[in-house]
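Trainee: What follows is a single structure, and I will ask about it in a moment.
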Amino acid sequence: MWQWLYKLGSPKWFYTIGNRVLPWLWGVTGLLLVVGIIWGLGFSPPDYQMGDNYRIIYLHVPAAGLMKGSFYMMALCSAALLIWKIKMADIVAKAVAPIGAMATLLMLVSGSLWGIPTWGTWWIWDARLTSSLLQFFIFVGIIALRSAIESRDSAAKACAVLTLVGLVNIPIIEYSVEWWNTLHQGASDLSLRDSSANPPEIWIPAFFTGFGFIGLFFIGLILRSQNEILLRERRSQWVKDLLLTDNAKADTESGINTNA
Amino acid sequence: MLAHRQQKLAIVLFIIFGSALAIGLVLFALKEGINVFYTPTEISAGEVGQGQSFRVGGMVKMGSLVKEGLEGAEVNFLATDFCNDVLVSYTGPLPDLFREGQGVVADGSLDNAGTFKATQILAKHDENYMSAEVKASLDAAESASIEVCHQ
Numbered sequence: 001m002w003q004w005l006y007k008l009g010s011p012k013w014f015y016t017i018g019n020r021v022l023p024w025l026w027g028v029t030g031l032l033l034v035v036g037i038i039w040g041l042g043f044s045p046p047d048y049q050m051g052d053n054y055r056i057i058y059l060h061v062p063a064a065g066l067m068k069g070s071f072y073m074m075a076l077c078s079a080a081l082l083i084w085k086i087k088m089a090d091i092v093a094k095a096v097a098p099i100g101a102m103a104t105l106l107m108l109v110s111g112s113l114w115g116i117p118t119w120g121t122w123w124i125w126d127a128r129l130t131s132s133l134l135q136f137f138i139f140v141g142i143i144a145l146r147s148a149i150e151s152r153d154s155a156a157k158a159c160a161v162l163t164l165v166g167l168v169n170i171p172i173i174e175y176s177v178e179w180w181n182t183l184h185q186g187a188s189d190l191s192l193r194d195s196s197a198n199p200p201e202i203w204i205p206a207f208f209t210g211f212g213f214i215g216l217f218f219i220g221l222i223l224r225s226q227n228e229i230l231l232r233e234r235r236s237q238w239v240k241d242l243l244l245t246d247n248a249k250a251d252t253e254s255g256i257n258t259n260a
Numbered sequence: 001m002l003a004h005r006q007q008k009l010a011i012v013l014f015i016i017f018g019s020a021l022a023i024g025l026v027l028f029a030l031k032e033g034i035n036v037f038y039t040p041t042e043i044s045a046g047e048v049g050q051g052q053s054f055r056v057g058g059m060v061k062m063g064s065l066v067k068e069g070l071e072g073a074e075v076n077f078l079a080t081d082f083c084n085d086v087l088v089s090y091t092g093p094l095p096d097l098f099r100e101g102q103g104v105v106a107d108g109s110l111d112n113a114g115t116f117k118a119t120q121i122l123a124k125h126d127e128n129y130m131s132a133e134v135k136a137s138l139d140a141a142e143s144a145s146i147e148v149c150h151q
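Okay, structure coming up:
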């Protein structure tokens, strides 16, 4: 386990393993999303008071999970960078930030669209909504901070510190609905427990889209990290070899095309 | 772990717990201000002054909703937290979910008589979803729910 993690810390290894994992990830993710969306939008029963409006949870809840997961991932990478100076940790942290920002935006927009018919307003400055908006600004702030500092190492360190400070906001978002009076409802009990008021035919599609979103997250993480690896390691021999063989392949393919 | 790694780990932990403590203290100090609404119990305890603009949150008490005026544009109802009630008076458009037994958040202020004059009504949805079919069969069974009184 440790050795495997250690190997992932090497950009070259990460790049190769990423290539091997990606096709499977695409397949599983596509399947989960197709099943989840068709089931959720087409087959789960309408809610007794919201009708079809509630179906926004199939996007909203997974997006919220992705926001949280992205930030935990960034915080882990930031700690790994500050303590062990692992190069890959910074690459992954950089790769994940825009994914988290997009998930947060999707969560805010989908929630607002649901709020218009349900609450009667698209926005209220309650603790849940305000802390979620703050989280979006934290993601954007980290991205902006990175591009504002020219030295890569200083940028990496500054972003890592900002990420660890921003980590405080995640439990605040999570427990805001319990600590304070909010318009936003508490977390839905989506489980098979008898105490759960939510029937499985409503929440099971959310699990499919949820795991689909996790798949999308890792696809984005791998692709963006690979891109960053090639950029940072462009002077190393293995990247040169890789690009040369890719070019050679492309040349022979186009050569065949011109012959035909 | 090497000594300087341990030192780095300590710094990381200091950043996390330091900022958590600082923000925790701020939020604790702002506790009341962060609440988006007051409960009827807090209002009857005199926590809000007359004429002050604020929000009240609770349930629309069963049997208390009175609609008046053209097409019932004027509504009067009791907002309750099952301990205390506040009479709310409002004229204007209502969200689809607004009805008796439903969570409600009203924006406005108290008048001299202690009636809450609302300028906006929002519906609060709980964390539970139910299919129309299940709701119909539940209604048929007329299951009674037990509400817990806070405070």
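Heads up: the sequence lines are chains Y and F, in that order. So in my numbering, spot 103 of the first sequence is number 103, and the numbers just go up one at a time. So in my numbering, spot 17 of the second sequence is number 17, and the numbers just go up one at a time. In this text, a Cβ means the ideal position worked out from N, Cα and C, and glycines have one as well.
1. Listed in chain order, which residues of the region 43-55 of chain Y have Cβ atoms closer than 7 Å to some Cβ of chain F?
2. Taking DSSP as the reference, what is the three-state secondary structure of Thr130/Y?
3. Judging by CA-CA distance, which residue of Asp241/Y, Trp203/Y and Asp251/Y is the nearest neighbour of Pro45/Y?
4. Measure the beta-carbon distance from Ala118/F to Ala106/F and round it to whole angstroms, keeping in mind my assumption that it falls under 8 Å.
5. Name the DSSP bridge partner or partners of Ala79/Y?
6. Report the neighbours of Asp126/Y on chain F: residues whose CB is nearer than 7 Å to its CB, in chain order.
7. By Cβ distance below 8 Å, which residues in the same chain neighbour Ile142/Y in space, the five residues on each side in sequence not counted?
8. Please check the pair Ile172/Y and Ser131/Y, which I expect to be a contact at CB under 8 Å, by giving their CB distance rounded to whole angstroms.
9. Mind checking if His125/F is an interface residue toward chain Y, Cβ cutoff 7 Å exclusive?
10. Quick one: which unbroken alpha helix (DSSP H) runs of 4-plus residues sit fully inside the region 86-128 of chain Y? Chain order, please.
11. Mind pulling the chain F residues with CB within less than 7 Å of Ile142/Y?
12. Please classify Phe98/F: does DSSP put it in a helix, a strand, or coil?
13. Near Lys68/Y, what residues of its chain come up, given a Cβ to Cβ distance below 7 Å and the 5 sequence neighbours on each side ignored?
14. Taking buried to mean at least 16 other C-beta atoms within 10 Å of its own C-beta, is Leu92/F buried or exposed?
15. Using 10 angstroms around the beta-carbon of Thr258/Y, count the other beta-carbons present and answer buried if the total reaches 16, otherwise exposed.
16. Measuring alpha carbon to alpha carbon, tell me which of Asn181/Y, Val61/Y, Tyr54/Y and Phe139/Y ends up nearest Ala132/F.
17. Find the residues of chain Y that neighbour Lys131/F, judging by a C-beta separation of less than 9 Å, and give them in chain order.
18. Quick check: is the beta carbon of Val165/Y nearer than 7 Å to any beta carbon in chain F?
19. Return the Cβ separation of Gly137/Y and Leu105/Y in integer angstroms, given the expectation that the two are a contact with Cβ distance under 8 Å.
20. Assign Asn227/Y to one of two classes, buried (16 or more other C-beta atoms within 10 Å of its C-beta) or exposed (fewer than that).
21. Comparing the C-beta of Lys61/F with each C-beta of chain Y, is any distance below 7 Å?
22. Quick one: which unbroken alpha helix (DSSP H) runs of 4-plus residues sit fully inside the region 201-260 of chain Y? Chain order, please.
23. Check the Cβ-Cβ distances between Ser231/Y and every residue of chain F, and say whether any is below 7 Å.
24. DSSP on Glu74/F, reduced to helix/strand/coil?
25. I want to verify the contact list: residues of chain Y whose CB lies under 7 Å from the CB of Gly57/F, in sequence order.
26. Which bits of chain F does Ser154/Y rub up against, with CB to CB less than 7 Å?
27. Rounded C-beta distance between Ala93/Y and Ser78/Y? I'm assuming under 8 Å.
28. Can you find a C-beta in chain F that's less than 7 Å from the C-beta of Gly186/Y?
29. Can you tell me whether Asn181/Y is buried or exposed? The criterion is at least 16 other CB atoms within 10 Å of its CB, across all chains shown.
30. For the region 69-95 of chain F, which residues have a beta carbon sitting closer than 9 Å to at least one beta carbon of chain Y?
31. How many Å lie between Ser137/F and Trp39/Y at the Cα?
32. Whole-angstrom Cβ separation of Val12/F and Leu82/Y, contact assumed at under 8 Å?
33. Rounded to a whole number of angstroms, what is the C-alpha to C-alpha distance between Glu100/F and Glu47/F?
34. Just to confirm the assignment, what range does the beta strand (DSSP E) spanning Glu68/F have?
35. Taking DSSP's pairing of strands, which residues face Asp81/F in a bridge?
Mentor: According to the structure data:
1. Cβ contacts with chain F come from Pro45, Pro46, Asp47, Tyr48, Gln49 and Tyr54.
2. Mapped onto the first sequence, residue 130/Y falls at position 130. Note: Thr130/Y maps to helix in three-state DSSP.
3. As a working mapping, residue 45/Y is identified with position 45 in the first sequence. Among Asp241/Y, Trp203/Y and Asp251/Y, the Cα nearest to that of Pro45/Y is on Trp203/Y.
4. Reading the second sequence from its first residue, position 118 is the one you call residue 118/F. Reading the second sequence from its first residue, position 106 is the one you call residue 106/F. Indeed, because the Cβ distance is near 4 Å, the residues count as touching under 8 Å.
5. Within the first sequence, residue 79/Y is the residue found at index 79, counting from 1. In the DSSP output, where bridge partners are listed per residue, Ala79/Y has none listed.
6. Working through the first sequence from its first residue, we reach residue 126/Y at position 126. The contacting residues are Val36.
7. In the first sequence, residue 142/Y corresponds to position 142, counting from 1. Excluding positions up to five away in sequence, the list reads Met74, Ala97, Cys159, Leu162, Thr163 and Gly166.
8. Locating residue 172/Y in the first sequence gives position 172, where the first residue counts as 1. Locating residue 131/Y in the first sequence gives position 131, where the first residue counts as 1. With a Cβ gap of about 5 Å, Ile172/Y and Ser131/Y count as contacting.
9. Along the second sequence, one-based indexing puts residue 125/F at 125. It does; some Cβ of chain Y falls within 7 Å.
10. 87-118
11. The residue given as residue 142/Y occupies position 142 in the first sequence. What Ile142/Y touches in chain F: nothing, since even the nearest Cβ is about 14 Å away.
12. In the second sequence, the residue the question calls residue 98/F occupies position 98. Coil, per DSSP.
13. Translated into positions along the first sequence, residue 68/Y becomes position 68. For Lys68/Y, same chain residues with a beta-carbon under 7 Å away, outside a window of 5 residues either side, are Ile170 in chain order.
14. Locating residue 92/F in the second sequence gives position 92, counting from the first residue. Contrary to the premise, residue 92/F reads as Gly rather than Leu in this sequence. When all chains shown are included, Gly92/F counts as exposed.
15. Here the question's residue 258/Y lines up with position 258 in the first sequence. Note that Thr258/Y scores a pLDDT of 49, beneath 50, so its modelled location is shaky and nothing firm can be said.
16. Position 132 of the second sequence, counted from the first residue, corresponds to residue 132/F. Taking only the C-alpha atoms, the option nearest Ala132/F is Tyr54/Y.
17. Against the second sequence, residue 131/F aligns to sequence position 131. In the sequence as displayed, the identity of residue 131/F is Ser instead of Lys. Chain Y residues near Ser131/F: Ser44, Pro45, Pro46, Asp47, Tyr48, Pro199, Glu201 and Ile202.
18. Locating residue 165/Y in the first sequence gives position 165, counting from the first residue. Val165/Y counts as touching chain F.
19. Reading the first sequence from its first residue, position 137 is the one you call residue 137/Y. Reading the first sequence from its first residue, position 105 is the one you call residue 105/Y. For the record, residue 137/Y in the displayed sequence is Phe; it is not Gly. So it is not a contact: roughly 11 Å between Cβ atoms.
20. On the first sequence, position 227 is the one that residue 227/Y refers to. By the neighbour-count rule (16 or more Cβ atoms within 10 Å), Asn227/Y is not buried but exposed.
21. Translated into positions along the second sequence, residue 61/F becomes position 61. No - not a single Cβ of chain Y is within 7 Å of the one on Lys61/F.
22. 237-259
23. Here residue 231/Y is taken as the residue at index 231 of the first sequence, counted from 1. One point to set straight first is that residue 231/Y is Leu, not Ser, in the sequence displayed. With 7 Å as the cut-off, Leu231/Y does not count as an interface residue toward chain F.
24. For the purposes of this step, residue 74/F is taken as the residue at position 74 of the second sequence. If DSSP states are grouped into helix, strand and coil, Glu74/F belongs with the strands.
25. As a position in the second sequence, residue 57/F is number 57, starting the count at 1. Residues of chain Y passing the Cβ test: Asn181.
26. For the purposes of this step, residue 154/Y is taken as the residue at position 154 of the first sequence. The contacting residues do not exist; Ser154/Y stays about 16 Å from chain F at best.
27. Indexing the first sequence from 1 puts residue 93/Y at position 93. Indexing the first sequence from 1 puts residue 78/Y at position 78. Right, the Cβ-Cβ distance comes to about 6 Å (below 8 Å), so this counts as a contact.
28. To locate residue 186/Y, count along the first sequence from 1; it is residue 186. So yes, Gly186/Y belongs to the interface.
29. Position 181 of the first sequence, counting from 1, holds the residue named residue 181/Y. By the neighbour-count rule (16 or more Cβ atoms within 10 Å), Asn181/Y is buried.
30. Contact residues of the region 69-95 of chain F toward chain Y are Pro93, Leu94 and Pro95 (C-beta to C-beta distance below 9 Å).
31. Working through the second sequence from its first residue, we reach residue 137/F at position 137. Working through the first sequence from its first residue, we reach residue 39/Y at position 39. Near 24 Å, if we compare the C-alpha coordinates of Trp39/Y and Ser137/F.
32. Against the second sequence, residue 12/F aligns to sequence position 12. Against the first sequence, residue 82/Y aligns to sequence position 82. Their Cβ separation, rounded to whole angstroms, is 5 Å, which keeps Val12/F and Leu82/Y in contact under 8 Å.
33. The residue given as residue 100/F occupies position 100 in the second sequence. The residue given as residue 47/F occupies position 47 in the second sequence. Straight-line Cα distance between these residues: approximately 26 Å.
34. Residue mapping note: residue 68/F aligns to position 68 of the second sequence, counting from 1. From DSSP, the beta strand (DSSP E) with Glu68/F extends over Val66 to Glu68.
35. On the second sequence, position 81 is the one that residue 81/F refers to. DSSP lists no partner for Asp81/F.
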